[in-house]
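4 protein chains.
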Amino acid sequence: MNARCLIEVAFSLRWRDLDAFEHVNNSSFLTFLEESRLRWFMGLDGDWNTSQFMPVVAAVHVNYRAQLGWPGDILVRLYCERAGNSSLTLAHRIVGADPSETLYCDGNVVMVWVDPATGKPAPLPEAVRRASSSD
Amino acid sequence: MNARCLIEVAFSLRWRDLDAFEHVNNSSFLTFLEESRLRWFMGLDGDWNTSQFMPVVAAVHVNYRAQLGWPGDILVRLYCERAGNSSLTLAHRIVGADPSETLYCDGNVVMVWVDPATGKPAPLPEAVRRASSSD
Amino acid sequence: MNARCLIEVAFSLRWRDLDAFEHVNNSSFLTFLEESRLRWFMGLDGDWNTSQFMPVVAAVHVNYRAQLGWPGDILVRLYCERAGNSSLTLAHRIVGADPSETLYCDGNVVMVWVDPATGKPAPLPEAVRRASSSD
Amino acid sequence: MNARCLIEVAFSLRWRDLDAFEHVNNSSFLTFLEESRLRWFMGLDGDWNTSQFMPVVAAVHVNYRAQLGWPGDILVRLYCERAGNSSLTLAHRIVGADPSETLYCDGNVVMVWVDPATGKPAPLPEAVRRASSSD
């Protein structure tokens, strides 16, 4: 991953993130990605969610690389993989917050901006495009 | 998808499946898939989870095809996409439980069986292989 | 509990309702109560949630009477314990969906209607008052 | 509350803690309490969960004092309200992590130690009794 990291968000795992197999449940990783993405959106210099356009999750591709326990702290790093006309593909790496930075999860999430009134694709917001471009 | 459906599980959505955008959250779909998969495992004629081998989620690939609201009922259908030496790729389709069967989600989940003591891959359990083969 | 049952809602437990102690997590019971309450609200003959008034949870009192496992089916029954000027106290009983009806949980939840604009208490909606009165 | 604070745990709220009413869901508060309790348990100088005794939640009493939004940071403070033969009543206060310390939630949770083999009450573990006593 040569791309510039857009944001790094630290998470303190919750015991409730564990499932009955005593590992952080596969669905919790999507919650960590969502949180990181939204914090990046909220830091943008401009609109990303209005009555004219809003982002929806179109696809997730997640590789689980190691089992994650509790208690623990992780870092989620997001990268721009591709900015399309209406879509943004955000790659991610979730690593341990310790110096060894064990890789727990990588992959990407595809967001698409839509017009809430029609459900049709809307142009990628300008602030999103600016912030996700690599330089 | 020509493959034989391995199991169909009905879900009644919960209001708590919604997020603050008033759609069923992207992470809830993984919970529906997990539940369906486990129910299929539990119906197998043989072991799928022992002190020698247990399944872990290695990867998920999920396409969100339409926004899902509450209240509502859905059907999750699982199909065998590939049975490997240690892994099983289960394709899925999540549709509305009404006659139109609106497609909300498709994709697949890759499970890998591992030896809990070592974390190394273990052979696909015989009962899983038998039940997932197509005819 | 002599009060008339306002609604009975059946739930199929999800594996994700379990926590790492392999019991349905204490927080999931609040989700079952919430779902049951909302389904009762939605069946009322009149408004319960508008731009002038909305219900908020003011207090929960929950006794966990037996440990609940997975898979399993439960029934949530709600009763009116008290209808005040702005508040409604809904008692509950959560039992197994089998003939023995093992009691897993009882207690009550206090809802208060507020004006979303001011956060101040609003009168109990007429439809709620009518439906919760005992005869 | 004159009692000594047993532990204070900081939480960064997650967007997924919100529900479709855009407030932190009532069930998430139980997750914050559980996390705080477990972290206190894990810091004890002695056993609190063994094959002979384990804690279960017997009752929760929660007052929701103000609506909580996202993003935000909160502090959970636990206090010993009563240490019985087999039970421990932990009072709590959940406040904003800002200087005004807005009160969002108070109440208590009753834990009971049981013998996992029989489900019968077990004596309060010595380490729990020591750490919860007020001086």
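Chains as they are written, first to last, in the working numbering: chain A, 1 to 135; chain B, 1001 to 1135; chain C, 2001 to 2135; chain D, 3001 to 3135. Note that CB positions come from ideal geometry on N, CA and C, so glycine has one too.
Asked                                                                                                                   : Found
Neighbour flag for A58/A against chain B, beta carbons, 8 Å                                                             : yes
Segment limits, beta strand (DSSP E) that includes F2011/C                                                              : 2005–2012
Of the residues D3019/D, P3071/D, N3085/D, G3043/D, the one placed nearest G43/A, counting alpha carbons only           : P3071/D
Y1064/B - partner residues in DSSP beta bridges                                                                         : C1105/B
Close-in-space but distant-in-sequence residues of the same chain around F2041/C (CB under 6 Å, 5 per side omitted)     : W2048
Stretch-stretch touch, CB-based, cutoff 8 Å, three pairs: the stretch 6–13 of chain A with the stretch 69–87 of chain A : yes
Minimum C-alpha distance to A59/A - residue among F1029/B, E1035/B, T1102/B                                             : F1029/B
Presumed contact (8 Å Cβ cut-off) between L1078/B and R1037/B, rounded CB distance                                      : 6 Å
Beta-carbon gap between S3133/D and V3110/D smaller than 8 Å                                                            : no
Test: L2103/C CB closer than 8 Å to a CB of chain B                                                                     : no
Q2067/C: contacting residues in chain D (beta-carbon distance under 8 Å)                                                : V3056, G3119
Distance CB(P3116/D)-CB(S3027/D) smaller than 8 Å                                                                       : no
Counterpart residues of A2083/C in DSSP-defined beta bridges                                                            : L2088/C
Coarse secondary structure for D73/A, derived from DSSP in three states                                                 : strand
Exposure label - G3107/D; buried when at least 16 CB within 10 Å                                                        : buried
Distance cut-off 7 Å: V2109/C Cβ against heavy atoms of the ligand GTP                                                  : As for the ligand GTP, it is missing from this structure, which has no ligand bound.
CA nearest to the CA of P3125/D, picked from F3032/D, L3033/D, R3093/D, M3054/D                                         : M3054/D
Counted within 10 angstroms of its Cβ, other Cβ atoms place N25/A as buried (16 or more) or exposed                     : buried
Among D19/A, E22/A, Q67/A, E81/A, nearest to C5/A - alpha-carbon criterion                                              : E81/A
Cβ-Cβ distance between V3114/D and P3121/D below 8 Å                                                                    : yes
Beta carbon of V95/A nearer than 8 Å to that of V56/A                                                                   : no
Those residues which DSSP pairs with G2096/C across a bridge                                                            : I2074/C
Candidates H1023/B, G1084/B, R1039/B, E1035/B: closest to A1066/B by CA position                                        : H1023/B
Beta-carbon proximity list for T2089/C, same chain, < 7 Å, skipping 5 on both sides                                     : E2081, R2082, N2108, V2110
Own chain residues within Cβ distance below 8 Å of L2018/C, not counting five before or after                           : V2024, N2025, G2069, W2070
Sub-8 Å separation of R3016/D and E8/A beta-carbons                                                                     : no
Partner residues on chain B for W2015/C, Cβ-Cβ distance less than 7 Å                                                   : E1034, E1035, L1038
Which residues DSSP lists as bridging V3128/D, in chain order                                                           : In DSSP, V3128/D forms no bridge with anything.
Cβ pair A3091/D, A3003/D closer than 8 Å                                                                                : yes
Beta-bridge pairing of A1059/B - partner residues as DSSP gives them                                                    : N63/A, V1110/B
Nearest to N2085/C (by Cα), restricted to the options R2093/C, Y2064/C, P2123/C, H2061/C                                : P2123/C
Coarse secondary structure for L18/A, derived from DSSP in three states                                                 : strand
Per-residue contacts from D2073/C into chain A (C-beta, under 8 Å)                                                      : Simply none; closest approach about 18 Å.
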